[in-house]
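Enquirer: Protein chains in written order, with our numbering: chain Z, 3 to 377; chain Y, 3 to 377. Glycine included, every Cβ here is placed at the ideal spot set by N, Cα and C.
Protein chains: 2
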Amino acid sequence: MKSSETSERLVHVPLGDRAYDILIGPGLIGRAGGEISTRIKGRKAAIVTDENVANHYLEALIDSLEADGIDATSLILPAGEKTKSFEHLTRVCDALLEARIERNDTVIALGGGVIGDLAGFAAGIVRRGVRFVQMPTSLLSQVDSSVGGKTGINTRHGKNLIGVFNQPDLVLADTDVLQTLSDREFRAGYAEVAKYGLIDKPDFFVWLERNWRDVFAGGAARIEAIATSCQAKAEVVVADERETGRRALLNLGHTFGHALEAATEYDSSRLVHGEGVAIGMVLAHQFSARLNLASPDDAERVETHLKTVGLPTRLSDIPGELPPPEVLMRAIAQDKKVTGGKLTFILTRGVGQSFVANDVPCSEVVTFLEEKHPQ
Amino acid sequence: MKSSETSERLVHVPLGDRAYDILIGPGLIGRAGGEISTRIKGRKAAIVTDENVANHYLEALIDSLEADGIDATSLILPAGEKTKSFEHLTRVCDALLEARIERNDTVIALGGGVIGDLAGFAAGIVRRGVRFVQMPTSLLSQVDSSVGGKTGINTRHGKNLIGVFNQPDLVLADTDVLQTLSDREFRAGYAEVAKYGLIDKPDFFVWLERNWRDVFAGGAARIEAIATSCQAKAEVVVADERETGRRALLNLGHTFGHALEAATEYDSSRLVHGEGVAIGMVLAHQFSARLNLASPDDAERVETHLKTVGLPTRLSDIPGELPPPEVLMRAIAQDKKVTGGKLTFILTRGVGQSFVANDVPCSEVVTFLEEKHPQ
Chain Z
3 MKSSETSERL VHVPLGDRAY DILIGPGLIG RAGGEISTRI KGRKAAIVTD ENVANHYLEA
63 LIDSLEADGI DATSLILPAG EKTKSFEHLT RVCDALLEAR IERNDTVIAL GGGVIGDLAG
123 FAAGIVRRGV RFVQMPTSLL SQVDSSVGGK TGINTRHGKN LIGVFNQPDL VLADTDVLQT
183 LSDREFRAGY AEVAKYGLID KPDFFVWLER NWRDVFAGGA ARIEAIATSC QAKAEVVVAD
243 ERETGRRALL NLGHTFGHAL EAATEYDSSR LVHGEGVAIG MVLAHQFSAR LNLASPDDAE
303 RVETHLKTVG LPTRLSDIPG ELPPPEVLMR AIAQDKKVTG GKLTFILTRG VGQSFVANDV
363 PCSEVVTFLE EKHPQ
Chain Y
3 MKSSETSERL VHVPLGDRAY DILIGPGLIG RAGGEISTRI KGRKAAIVTD ENVANHYLEA
63 LIDSLEADGI DATSLILPAG EKTKSFEHLT RVCDALLEAR IERNDTVIAL GGGVIGDLAG
123 FAAGIVRRGV RFVQMPTSLL SQVDSSVGGK TGINTRHGKN LIGVFNQPDL VLADTDVLQT
183 LSDREFRAGY AEVAKYGLID KPDFFVWLER NWRDVFAGGA ARIEAIATSC QAKAEVVVAD
243 ERETGRRALL NLGHTFGHAL EAATEYDSSR LVHGEGVAIG MVLAHQFSAR LNLASPDDAE
303 RVETHLKTVG LPTRLSDIPG ELPPPEVLMR AIAQDKKVTG GKLTFILTRG VGQSFVANDV
363 PCSEVVTFLE EKHPQ
């Protein structure tokens, strides 16, 4: 932990020759040039961002880089999930080569998960890998996608099916930028914060139950919550960088969540990712209780907390019609590999006691969904 | 070295958790199913190949895989360098997802360098990496591109500028397939064989001077030459997998060679890659002699050997007009980074004593080319 900036936190991700720092705190966009130039040799940077973020922060970032002698170019892409495509990947790669970004120069992803995933992928393949800095601008990307090195694009076969593991050289999570998020976006990111408590940090979940108002208000508690989330994610990633086992725990709530996102056709007016995860986490706890793995009290406690902060927790909280359970099950089976009628699922023995189950019968999932969502 | 098959050789590439075997010998296409199924868990394989190679070997490979219980699909692409494009990369990725290739399933590159580079790149990014087997069908790809993990595609900015380091899980170099190569293709591949002697294996170069006729004739000497080449490349790759230093030695002859390929507009009727490398290696030795680094006798010895096997060794051996030295220098500068009028070049102190020089003045290169190629 750094003490020079009272409220700033530093989380180190010890991945050998791919180790890196995550800085979390206010004013980091203004100090980006200094933080990058002390860590990366190249004097060139290409900023990849989207239209919305560019309006707010691009100029300040360019000024900061140039003040520290880094020559900056930028590429502004359309906002939204559709930008994670082969077409835009080609465009980003071409722009990086046009800007003559070399192996010691830097690609900076300034934006949310879409920009981070796309720019991180491009940085991993241009010249077989150039330097890469994540500057996440949403709570969701600060606590989740900017850490851990997963990058990628979507195809007609599904989300994130093409990509590379490409750890960043540095993550700068400027907490000032969270001020411009809508309440709904902030809450959606908070679902991923709560997830780390539910995976294996029961004390953190207790802390969130007590301090969530301060986290939502901003200031030191918010920075603390983000830093604890990054630390939690870093621990899982260090234990299993390429997701051969334990890293799957990060998918708690995501199997149901992804199916709900697909069922609502990724229509953000009905459901955004973090909301799907919130409902998914409640369902995962209820499903675990139904399988006699956990007490129903835990499922209720999880639901109560997420509901208290204003997140949806039930299928009926989603506006509009949902497809029947068998269709949801098909969406789950498209997302996860099903072998012999069984699939991998993140289940739990209680708050902070999640585990990877490799043999969950699809039939049990369907029966459970029928109970939760009678037609 | 393996003894069960008298003439088969095994070269192990000790890259930690990315270690792999290279098998070199006759009949490997017919035994591919067995070699793959003992090393890779998945029961599915997708073969990527080109029209020419498919006609000769695709059926035999599919039979071999299916005989060992591996379910095989195939994708046949147009032959030629133009296939190394974003467009074909997208197509290969889509086909792999369509075939439901999972992380433990295998992508097999059956073909020369173009197929290996493209399929290896796709295998490295589909699901952030699936299993990958190289089955090189040209001498050039057996001794060079199939070993070492460089994959990639070309863009309008240059060759191989987009790609990943993706070590294969296995290389099967079936020497029977070399029978169908034209003399010219075989000789072009031989230039890269000779290169390993010139880099740091003077005894191997002596052996080639004595035994080249047997290498061209086929049989044990050919297998020996391929195995020694793979071993030499593996040593360089293990010392510097991601080319931060020593691996650049593999570019001996390639700086001049690439410029000549560009100058002849990649017209294979005038010059193919290995021929450019042959001329480039002679020029690199002559240039080193001119800089008083090596004896002119070494340059002459290199030229004599390459000429004896039938390779071009002089600029005047290339049919048609060549551009003036300044234009060749521009092509060199596009290929290599020039800093302050200086560039990185592989020079030599004599046969088997190559080294990486980081500060070669472009002006010296131009003067040298003017002498070699008076207008």
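Can you list, in chain order, the residues of its chain whose CB lies under 8 Å from that of Glu68 of chain Y, leaving out five sequence neighbours each side?
Expert: So the qualifying residues of the chain are Gly35, Ala74.
Enquirer: Using a beta-carbon distance below 8 Å, is His287 of chain Z in contact with chain Y?
Expert: Closer than 8 Å: no.
Enquirer: Rounded to whole angstroms, what is the Cα-Cα separation between Arg130 of chain Z and Ala335 of chain Y?
Expert: For Arg130 of chain Z and Ala335 of chain Y, the distance between alpha carbons rounds to 20 Å.
Enquirer: Is there a C-beta anywhere in chain Z that falls below 8 Å from the one on Thr341 of chain Y?
Expert: False, the Cβ-Cβ gap to chain Z never drops below 8 Å.
Enquirer: Could one say the Cβ of Ile26 of chain Y lies closer than 8 Å to chain Z's Cβ atoms, at least one of them?
Expert: Cβ-Cβ to chain Z under 8 Å: no for Ile26 of chain Y.
Enquirer: Comparing alpha-carbon positions, which option in Y:Ala264, Y:Asp171, Y:Asn162 lies nearest Leu324 of chain Y?
Expert: Residue Y:Ala264 is the option with its Cα nearest to Leu324 of chain Y.
Enquirer: Which ranges would you report for the alpha helix (DSSP H) in the stretch 72-153 of chain Z if only whole runs of at least 4 residues count?
Expert: As far as the stretch 72-153 of chain Z is concerned, its whole alpha helix (DSSP H) runs of at least 4 residues are 88-100, 115-127.
Enquirer: Using only the alpha-carbon positions, how far apart do Ser140 of chain Y and Ile127 of chain Z sit?
Expert: So the alpha carbons of these two residues sit roughly 26 Å apart.
Enquirer: Going along the chain, which unbroken runs of the beta strand (DSSP E) with 3 or more residues stay wholly within the stretch 163-248 of chain Y?
Expert: Whole beta strand (DSSP E) segments, 3+ residues: 172-176.
Enquirer: Identify every residue that forms a DSSP beta bridge with Lys344 of chain Y.
Expert: BP columns for Lys344 of chain Y point to Y:Thr341, Y:Pro363.
Enquirer: With a CB to CB cut of under 7 Å and the five nearest residues on each side skipped, what residues in its chain are close to Leu99 of chain Z?
Expert: Closer than 7 Å at the Cβ level, and outside the excluded window around Leu99 of chain Z, lie Val128.
Enquirer: Check Ile31 of chain Y in the structure and name its three-state DSSP category.
Expert: It is coil, neither helix nor strand.
Enquirer: From Thr257 of chain Y to Lys86 of chain Y, what does the alpha carbon distance come to, in whole angstroms?
Expert: One C-alpha to the other measures close to 21 Å.
Enquirer: Exposed or buried, which one is Asn168 of chain Z when buried takes at least 16 other CB atoms within 10 Å?
Expert: Buried, by the Cβ-count rule.
Enquirer: From Y:Glu366, Y:Val179, Y:Val132, Y:Gly118, pick the residue whose C-alpha is nearest to that of Val149 of chain Y; which is it?
Expert: The shortest C-alpha separation from Val149 of chain Y is found at Y:Gly118.
Enquirer: Counting C-beta neighbours from all protein chains within 10 Å, is the total for Gln144 of chain Y 16 or more, i.e. buried, or is it exposed?
Expert: It is buried - the Cβ of Gln144 of chain Y has at least 16 other Cβ atoms within 10 Å.
Enquirer: What does a CB cutoff of less than 7 Å around Leu17 of chain Z pick up in its chain, not counting 5 residues either side in sequence?
Expert: For Leu17 of chain Z, where only same-chain residues beyond five positions count, the Cβ hits under 7 Å are Gln169, Val240, Glu243.
Enquirer: Compare the beta carbon distance of Leu200 of chain Z and Gly312 of chain Z with 8 Å and say whether it is the shorter of the two.
Expert: No, they are not a contact pair.
Enquirer: Please compile the residues from chain Y whose C-beta is within a distance smaller than 9 Å of the C-beta of Ile103 of chain Z.
Expert: Those do not exist, as Ile103 of chain Z stays about 11 Å from chain Y at its closest Cβ, beyond 9 Å.
Enquirer: DSSP three-state call for Gly310 of chain Z: helix, strand or coil?
Expert: The sequence given here has Thr at residue 310 of chain Z, not Gly. Correct three-state label for Thr310 of chain Z: helix.
Enquirer: Between Y:Glu37, Y:Lys338, Y:Arg249, which has its C-alpha nearest Met137 of chain Y's C-alpha?
Expert: Taking only the C-alpha atoms, the option nearest Met137 of chain Y is Y:Glu37.
Enquirer: Evaluate contact between the stretch 46-53 of chain Z and the stretch 106-121 of chain Z, counting only Cβ atoms and requiring at least three cross-stretch pairs below 8 Å.
Expert: Flag = yes, the stretch 46-53 of chain Z and the stretch 106-121 of chain Z touch.
Enquirer: Going by C-alpha distance, which of Z:Ser76, Z:Lys309, Z:Ala223 is nearest Ile60 of chain Z?
Expert: In the sequence as presented, Ile is not what sits at residue 60 of chain Z; that position holds Leu. The option with the nearest alpha carbon to Leu60 of chain Z is Z:Ser76.
Enquirer: I'd like to know whether the C-beta of Gly165 of chain Z is nearer than 8 Å to at least one C-beta of chain Y.
Expert: Gly165 of chain Z counts as touching chain Y.
Enquirer: Verify the CB distance criterion: does His159 of chain Z have a CB-CB separation below 8 Å to chain Y?
Expert: Yes, because at least one Cβ of chain Y sits closer than 8 Å to the Cβ of His159 of chain Z.
Enquirer: Could you tell me whether the Cβ atoms of Arg11 of chain Z and Ile225 of chain Z are closer together than 8 Å?
Expert: Yes. Within cutoff.
Enquirer: Going along chain Z in order, which residues have a C-beta closer than 7 Å to the C-beta of Thr257 of chain Y?
Expert: Going along chain Z, no residue has its Cβ under 7 Å from Thr257 of chain Y, so there is no contact; the nearest lies around 17 Å.
Enquirer: Glu221 of chain Z and Asp300 of chain Z look like a contact to me (Cβ under 8 Å); what is the Cβ gap, rounded to whole Å?
Expert: In the sequence as displayed, the identity of residue 221 of chain Z is Gly instead of Glu. Not quite, the Cβ-Cβ distance comes to about 30 Å (not below 8 Å), so this is no contact.
Enquirer: Under 8 Å by Cβ, that's how I've got Asn54 of chain Y and Ala81 of chain Y pegged, so tell me the actual separation to the nearest angstrom.
Expert: With 8 Å as the limit, Asn54 of chain Y and Ala81 of chain Y qualify as a contact, their Cβ atoms being about 5 Å apart.
Enquirer: Which chain Z residues are close to Arg20 of chain Y, counting only those with a beta carbon under 7 Å from its beta carbon?
Expert: In chain order: nothing, as chain Z lies at least about 11 Å away.
Enquirer: Could you check whether the Cβ of Ala70 of chain Y sits closer than 8 Å to any Cβ belonging to chain Z?
Expert: Reading off the sequence shown, one finds Asp at residue 70 of chain Y, where the question assumed Ala. With 8 Å as the cut-off, Asp70 of chain Y does not count as an interface residue toward chain Z.
Enquirer: Give me the chain Z residues within the contact set of Ile127 of chain Y, using Cβ-Cβ distance strictly less than 7 Å, ordered along the chain.
Expert: The answer, in chain order, is Ile164, Gly165, Val166.
Enquirer: Does any CB atom of chain Y fall closer than 8 Å to the CB of Phe88 of chain Z?
Expert: It does: the Cβ of Phe88 of chain Z has a partner Cβ on chain Y nearer than 8 Å.
Enquirer: In terms of residue numbering, what span does the beta strand (DSSP E) encompassing Ile155 of chain Y cover?
Expert: 155-157 is the extent of the beta strand (DSSP E) around Ile155 of chain Y.
Enquirer: Show which residues of chain Y have a CB atom less than 8 Å away from the CB atom of Thr92 of chain Z.
Expert: Correct list: Phe88.
Enquirer: If Lys338 of chain Y and Thr350 of chain Y are in contact, beta carbons under 8 Å, what's the gap, nearest whole angstrom?
Expert: Going by Cβ atoms, the distance from Lys338 of chain Y to Thr350 of chain Y rounds to 17 Å, so no, they are not a contact pair.
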